[in-house]
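In this text, residue positions in the sequence shown follow the working numbering: the first is 3, and each later residue adds one.
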Amino acid sequence: MLKGKKFILGISGGIAAYKCAHLTRLLVKEGAEVQVLMTKMAKEFITPLTMATLSKRPILVEFYNPENGDWNSHVDTGLWADAMIVAPATANTMGKMANGIADNLLITTYLSAKCPVFVAPTMDLDMYTHPSTTRNMETLQSYGNILIEPGSGELASGLVGKGRMAEPEEIVEKLKAYFKKKASKKLAGKKVLVTAGPTHEKIDPVRFIGNYSSGKMGFAIAEELACRGAEVVLVTGPSSLSCNHPNIDRINVVSAADMYKACEKVFAGCEIAVMSAAVADYTPAVKADQKMKRKSETLTIELKSTVDIAKALGEKKKENQFLVGFALETNDAEQNALKKLNSKNLDLIVLNSLQDSGAGFNVDTNKITIINKQNNKKDFPLKSKVEVANDIVDEIESLME
3 MLKGKKFILG ISGGIAAYKC AHLTRLLVKE GAEVQVLMTK MAKEFITPLT
53 MATLSKRPIL VEFYNPENGD WNSHVDTGLW ADAMIVAPAT ANTMGKMANG
103 IADNLLITTY LSAKCPVFVA PTMDLDMYTH PSTTRNMETL QSYGNILIEP
153 GSGELASGLV GKGRMAEPEE IVEKLKAYFK KKASKKLAGK KVLVTAGPTH
203 EKIDPVRFIG NYSSGKMGFA IAEELACRGA EVVLVTGPSS LSCNHPNIDR
253 INVVSAADMY KACEKVFAGC EIAVMSAAVA DYTPAVKADQ KMKRKSETLT
303 IELKSTVDIA KALGEKKKEN QFLVGFALET NDAEQNALKK LNSKNLDLIV
353 LNSLQDSGAG FNVDTNKITI INKQNNKKDF PLKSKVEVAN DIVDEIESLM
403 E
């Protein structure tokens with residue numbers, strides 16, 4: 003699974019750096035290419051000569067060679083790789099990664115990398131549990147980085163607890179599982195509709211009714227589906243997010259009515275539809291052509307119901323189509339989600355609650371529960387929306403089987 007893959011191995015200055023010799027050997031044995039980057043402190047724990055011998059490539063530490071001026075381009079290195087592994091990832095290095103402190107080649111390469119990044123933390127127990135470390139790890143995950151949890155045991159200080167870098171074999175298995183999933187052909191060529199973002203319901207030329215949705219969840223789902231070979235039509239309300247995957251055809255809309263028209267047109271030719279947009283339930287009955295002036299202390303606006311897009315598509319759904327809905331609830335979450343699942347003829351519903359810290363609108367993380375038609379449910383911990391999208395697509399694949 004790793005044959006021919008190109009990996010950047012970023013080694014920072016922790017005692018667990020010695021494990022990188024075995025990790026490099028395992029990756030090379032799998033047929034992968036490994037380019038090692040080391041911080042200056044990392045050289046105090048394991049020598050560049052050892053790593054160069056095992057990786058069969060020169061080790062990069064400095065931005066340039068002071069003897070001849072040769073430049074080690076962090077941009078080129080970041081673009082070269084299929085994945086970057088930061089192991090061991092010390093508290094210092096994770097803090098720099100989380101906050102963009104680009105004072106060494108490892109961090110500048112990380113900031114330039116366009117590939118997935120795996121982070122394997124290592125440090126003493128008190129450092130690992132410190133609020134700043136916890137916050138930095140959460141920030142890195144919110145960026146889409148994949149955290150490889152450290153193990154528990156005796157640490158260098160003599161304390162016993164969490165903080166041991168994952169073993170090289172475990173890291174390799176994580177990499178294999180990731181690339182196996184990306185190589186899956188189950189969704190290759192499937193036509194998929196994804197909705198994302200908010201809708202804006204016009205009141206007058208300068209005002210609208212909307213919500214706080216950023217579109218991050220829907221965009222992450224569209225990206226994950228496209229990476230697995232699906233041909234995705236992304237219908238999105240107003241959003242500043244970009245998507246550049248060649249398998250994604252983006253349609254921009256504004257209102258709930260616009261979104262319904264676009265979805266209705268596309269849905270008949272799709273095998274899967276994922277309704278993750280936060281569509282307005284109501285829209286102004288009358289939309290003013292000119293800006294409304296202040297005339298009194300109160301203003302009443304009559305609203306009318308919009309089309310329930312998920313329900314409308316559920317009524318049109320054919321036997322070979324798979325429909326996924328979303329439920330964002332503030333109370334009686336599971337009961338309300340089950341009602342939506344059944345009343346809208348969904349195959350799957352993704353529930354998240356505004357009562358959960360880190361979940362909901364305009365954040366980089368989410369905490370979800372997935373419920374299927376058999377009322378089987380799976381609860382997931384708080385994760386980055388990129389990882390949540392991965393979980394959702396995994397569930398779609400497994401249920402479609």
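Built from N, CA and C at the ideal position, the CB exists for glycine as well. For clarity, every value in this text was computed on a predicted model and none was experimentally measured.
First and last residue of the beta strand (DSSP E) that includes residue 307? Residue 307 sits at position 305 when you count from the first residue of the sequence shown. Run containing residue 307: 305 to 307, per the beta strand (DSSP E) assignment.
CB of residue 76 within 9 Å of CB of residue 110, strictly: Translated into the one-based positions of the sequence shown, residue 76 becomes position 74. Translated into the one-based positions of the sequence shown, residue 110 becomes position 108. Yes, these two residues count as a Cβ contact at 9 Å.
What did DSSP end up calling residue 156 once you bin it into helix, strand or coil? Numbered from 1 along the sequence shown, position 154 holds the residue referred to as residue 156. Residue state, collapsed to three classes: strand.
Is the segment 181 to 191 touching the segment 237 to 252 in the sense that three or more CB pairs, one from each, lie closer than 8 Å? Too few Cβ pairs lie closer than 8 Å, so no.
Going by the beta-carbon positions, is the gap between residue 305 and residue 332 smaller than 9 Å? By one-based count along the sequence shown, residue 305 stands at place 303. By one-based count along the sequence shown, residue 332 stands at place 330. No, these two residues do not count as a Cβ contact at 9 Å.
CA nearest to the CA of residue 87, picked from 11, 97, 37 and 46: Numbered from its first residue, the sequence shown carries residue 87 at position 85. For residue 87, the closest alpha carbon among the candidates 11, 97, 37 and 46 is that of 11.
Kindly identify the DSSP beta-bridge partner or partners of residue 211. Reading the sequence shown from its first residue, position 209 is the one you call residue 211. According to DSSP, which records beta bridges pairwise, residue 211 is partnered with 203.
Between 25, 356, 229 and 253, which lies nearest to residue 238 when the distance is taken from Cα to Cα? Along the sequence shown, read from residue 1 onward, the residue named residue 238 stands at position 236. Taking only the C-alpha atoms, the option nearest residue 238 is 253.
Okay, do the segment 321 to 338 and the segment 351 to 371 touch, 3+ Cβ pairs below 8 Å being the bar? Using a Cβ-Cβ distance cut-off of 8 Å, the segment 321 to 338 and the segment 351 to 371 are in contact, since at least three pairs of beta carbons, one from each stretch, lie closer than that value.
With DSSP as the reference, identify every bridge partner of residue 356, one or two as the case may be. In the sequence shown, counting from the first residue as 1, residue 356 sits at position 354. DSSP lists no beta-bridge partner residue for residue 356.
Opposite residue 166 in the DSSP bridges: which residues? Along the sequence shown, read from residue 1 onward, the residue named residue 166 stands at position 164. Among the bridge pairs identified by DSSP, residue 166 is matched with 153.
Starting from the C-beta of residue 156, find all residues in its chain whose C-beta is less than 7 Å away, skip the five residues before and the five after it, and write them out in chain order. As a working mapping, residue 156 is identified with position 154 in the sequence shown. The residues are 162.
Range covered by the beta strand (DSSP E) that runs through residue 404: Past the boundaries of the shown model lies residue 404; the chain is included only from 3 to 403, so the question cannot be answered.
Pairing CB atoms from the segment 177 to 187 with CB atoms from the segment 374 to 388, are three or more of them under 8 Å? Contact fails: fewer than three Cβ-Cβ distances are below 8 Å.
From the DSSP output, in three-state form, read off residue 12 for me. Along the sequence shown, read from residue 1 onward, the residue named residue 12 stands at position 10. If DSSP states are grouped into helix, strand and coil, residue 12 belongs with the strands.
Can you list, in chain order, the stretches of the beta strand (DSSP E) that have 3 or more residues and sit fully within the segment 225 to 297? Taken in chain order, the unbroken stretches of beta strand (DSSP E) that lie wholly in the segment 225 to 297 and span 3 residues or more are 233 to 238, 250 to 254, 274 to 277 and 284 to 286.
Return the first residue and the last residue of the beta strand (DSSP E) that residue 86 is part of. Sequence index remark: in the sequence shown, residue 86 carries index 84 (1-based). It spans 85 to 91 - the beta strand (DSSP E) in which residue 86 sits, taken as one unbroken run.
Provide the residue span of the beta strand (DSSP E) that contains residue 331, from first to last. In the sequence shown, the residue the question calls residue 331 occupies position 329. Start and end: 324 to 331.
Beta-carbon spacing of residue 316, residue 278 below 9 Å: Taking the first residue of the sequence shown as position 1, residue 316 is located at position 314. Taking the first residue of the sequence shown as position 1, residue 278 is located at position 276. Between residue 316 and residue 278, the C-beta spacing is not below 9 Å.
Report yes if the C-beta distance between residue 280 and residue 265 is below 9 Å; otherwise report no. Here residue 280 refers to the residue found at position 278 when the sequence shown is read from its first residue. Here residue 265 refers to the residue found at position 263 when the sequence shown is read from its first residue. No, they are not a contact pair.
Could you work out which residue in 17, 216, 371 and 231 is closest to residue 46 when comparing CA atoms only? The count along the sequence shown starts at 1 and reaches residue 46 at position 44. The residue among 17, 216, 371 and 231 with its C-alpha nearest the C-alpha of residue 46 is 17.
Tell me the residue span of the beta strand (DSSP E) that contains residue 383. Position 381 of the sequence shown, counted from the start, is the residue given in the question as residue 383. Looking at the DSSP string, residue 383 is not in any beta strand (DSSP E), and its letter there is neither H nor E.
Reference residue 202; option with closest CA among 56, 289, 369 and 362: Position 200 of the sequence shown holds residue 202. Comparing alpha-carbon positions, the option among 56, 289, 369 and 362 lying closest to residue 202 turns out to be 289.
Tell me whether residue 189 sits in a helix, a strand or coil according to DSSP, three-state version. On the sequence shown, residue 189 is found 187 positions in, with the first residue counted as 1. Secondary structure of residue 189 (DSSP, three-state): coil.
Determine the closest residue to residue 99 out of 362, 393, 32 and 121, with distance taken between C-alpha atoms. Counted from its first residue, the sequence shown places residue 99 at position 97. For the set 362, 393, 32 and 121, the Cα lying nearest the Cα of residue 99 is the one of 121.
Looking only at C-alpha atoms, which of 396, 30 and 261 sits nearest to residue 227? As a first step, residue 227 must be located in the sequence shown, where it is residue number 225. Checking every option, the nearest Cα to that of residue 227 belongs to 396.
Proximal residues to residue 207 (C-beta, below 8 Å), its chain only, five neighbours per side dropped: In the sequence shown, residue 207 corresponds to position 205, counting from 1. Once the five neighbours on either side are set aside, the close Cβ partners of residue 207 are 290, 291, 292 and 293.
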